[in-house]
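**Student:** The opening residue of the sequence shown carries number -12 in our numbering; numbering runs sequentially from there. A virtual CB, placed ideally from N, CA and C, is assigned to each residue, including glycine.
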Amino acid sequence: MRIGVILERHQPVLDGMLDRLAAAGAIVEVIEPATAALELGTLRPASELYVLKSLGTPAGGAIAAAFHALGAPTFNPFPVVSMLHDKVSALARLARAGVPVPETHVAGNPRALLPLLETGPLVVKPFRGSRGVGVRVIRSASELLAFPAPAGEPTLVQRYHPGDDGLDRKIFVVDHRVFGVRRRFPLRRYEDKLGEPFRPDEELLRIARRIGEDLGLDLYSFDVVVSGGRPWVVDVGSFGSFMGVPDAPRMLADRVLRAWREVA
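(1) Given a cut-off of 9 angstroms, decide if W247 and P89 are closer than it, judged by their beta-carbon atoms.
(2) Under the rule that 16 or more other beta-carbon atoms within 10 Å means buried, what is P137, buried or exposed?
(3) Can A53 and L71 be called in contact, C-beta distance under 9 angstroms?
(4) On a CA-only basis, which of V0, L39, T29, R80 is nearest E16? Give me that one, please.
(5) Here's the rule: buried if 16 or more other CB atoms are within 10 angstroms of the residue's CB, otherwise exposed. What is T91?
(6) Cutting at 6 angstroms between CB atoms, please list the residues of its own chain near L340, excluding the five before and the five after it.
(7) Check S228 in the structure and name its three-state DSSP category.
(8) For the beta strand (DSSP E) that R156 lies in, which residues bound it at each end?
(9) Does DSSP put R115 in a helix, in a strand, or in coil?
(10) For Q145, write down the residues that DSSP places opposite it in a beta bridge.
(11) Between G107, A128, D155, which lies nearest to R146 when the distance is taken from Cα to Cα?
(12) Between the C-alpha atoms of G12 and P233, what's the straight-line distance to the nearest angstrom?
(13) Ignore the nearest five residues each way along the sequence and tell me which others in Y37's own chain have a CB closer than 6 angstroms to its CB.
(14) Can you tell me where the beta strand (DSSP E) holding P187 begins and where it ends?
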C-alpha cells in the first residue's frame, strides 16, 4: 500500500494523519512542492493514490497536474481541486448551486469595478489565493486601483459583509460529518488557528450538504461570515487544516485509507 501526499506545509493534524497512515501499513510518499524536483520524461506514479492536500502554489498545482495527466488516482479528484483553487470558477459554481455567496464581480481592468463602491465597501482577493493572503477590504477608488494584482490576472471583488461578532467560522466536513470552529481573523497566534469548536446549526448543515452534493465531495471545508444574522460563504477548500476539530487525524486517515481501497 503506497500513498502519496502533496504537502506544502506541515502542521500537527496533518502529521498525525501521516503517522496513522504509516501505522496502518502504508508507505507514505510525501511530496513537498517547494523542494521537489521531478524529471517529467521518466516520471511514473510510484503510489497507488495521491492525496492533494496543498495546491495553493503554482508548483503544487503543477505537480498534481502531472500525476493526473499520467493517470494517477487522486483524492480529492484533481479536476475538482483545481477548480476550487480558481476562485472565479468556484464562486460561479457555488452561486449557481444556491450557496449563499456574497455578490461577486470579476474584471480584467479594476476600473470597471469602481461603480460598485458607490453602494458600499468591497473585499478584493487574489483569484488564486489561499489562507487569506492578499485579502483586503476596499473603501475607495484609490485603494482598488492600487491593489497589486499580478499582470494579466483578473481582479476579483465581493461585497463586504462585516461579521456580527468579529469571528470567522470554519466548517470542516469529513465522511459527511460536519464540524465547526470559530476563529479570529487574521490569525496571529497558534491558539488562534485552533479556535473554539462549535456545533453548526441547521442552516450551516444545509449549506454543507449543498456544497458537498454539488462538488461530489465528502472531504472539504468552507469559511463563513455571519453578517446581519445571515451566513455568507466566502471561501471553499478541498482539504482544510481541520485544526481545532476533535480526533481529526484519525478521521482523515480513515477517509484516505477508504479512498485508497476504492482505487487499489
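**Tutor:** On the basis of the supplied data:
(1) Taking the sequence shown and counting its residues from 1, one reaches residue 89 at position 102. Taking the sequence shown and counting its residues from 1, one reaches residue 247 at position 260. No, they are not a contact pair.
(2) Sequence index remark: in the sequence shown, residue 137 carries index 150 (1-based). By the 10 Å Cβ count, P137 comes out exposed.
(3) For the purposes of this step, residue 53 is taken as residue 66 along the sequence shown, with counting starting at 1. For the purposes of this step, residue 71 is taken as residue 84 along the sequence shown, with counting starting at 1. Not in contact: A53 and L71 (Cβ atoms no closer than 9 angstroms).
(4) Taking the first residue of the sequence shown as 1, we reach residue 16 at position 29. Residue L39 is the option with its Cα nearest to E16.
(5) Working through the sequence shown from its first residue, we reach residue 91 at position 104. Per the 10 Å Cβ criterion, buried.
(6) Given a span of -12 to 251 for the chain in the structure shown, any question on residue 340 remains unanswerable.
(7) Locating residue 228 in the sequence shown gives position 241, where the first residue counts as 1. Coil, per DSSP.
(8) Translated into the one-based positions of the sequence shown, residue 156 becomes position 169. 154 to 161 is the span of the beta strand (DSSP E), which, as asked, contains R156.
(9) Start at 1 with the first residue of the sequence shown, and residue 115 comes out as number 128. In the structure shown, R115 sits in coil (DSSP, three-state: anything other than H, G, I, E or B).
(10) Here residue 145 refers to the residue found at position 158 of the sequence shown. DSSP output for Q145 lists T91, V110 as bridge partner(s).
(11) As a working note, residue 146 is residue 159 in the sequence shown. Among G107, A128, D155, the Cα nearest to that of R146 is on G107.
(12) Within the sequence shown, numbered from 1, the residue matching residue 12 stands at position 25. Within the sequence shown, numbered from 1, the residue matching residue 233 stands at position 246. Computed Cα separation, rounded: 24 angstroms.
(13) Counting from 1 along the sequence shown, the entry for residue 37 is found at position 50. Within the same chain, Y37 has close Cβ partners G(-9), F54, A59, T61.
(14) Locating residue 187 in the sequence shown gives position 200, counting from the first residue. That residue, P187, is in no beta strand (DSSP E); it is neither H nor E in DSSP.
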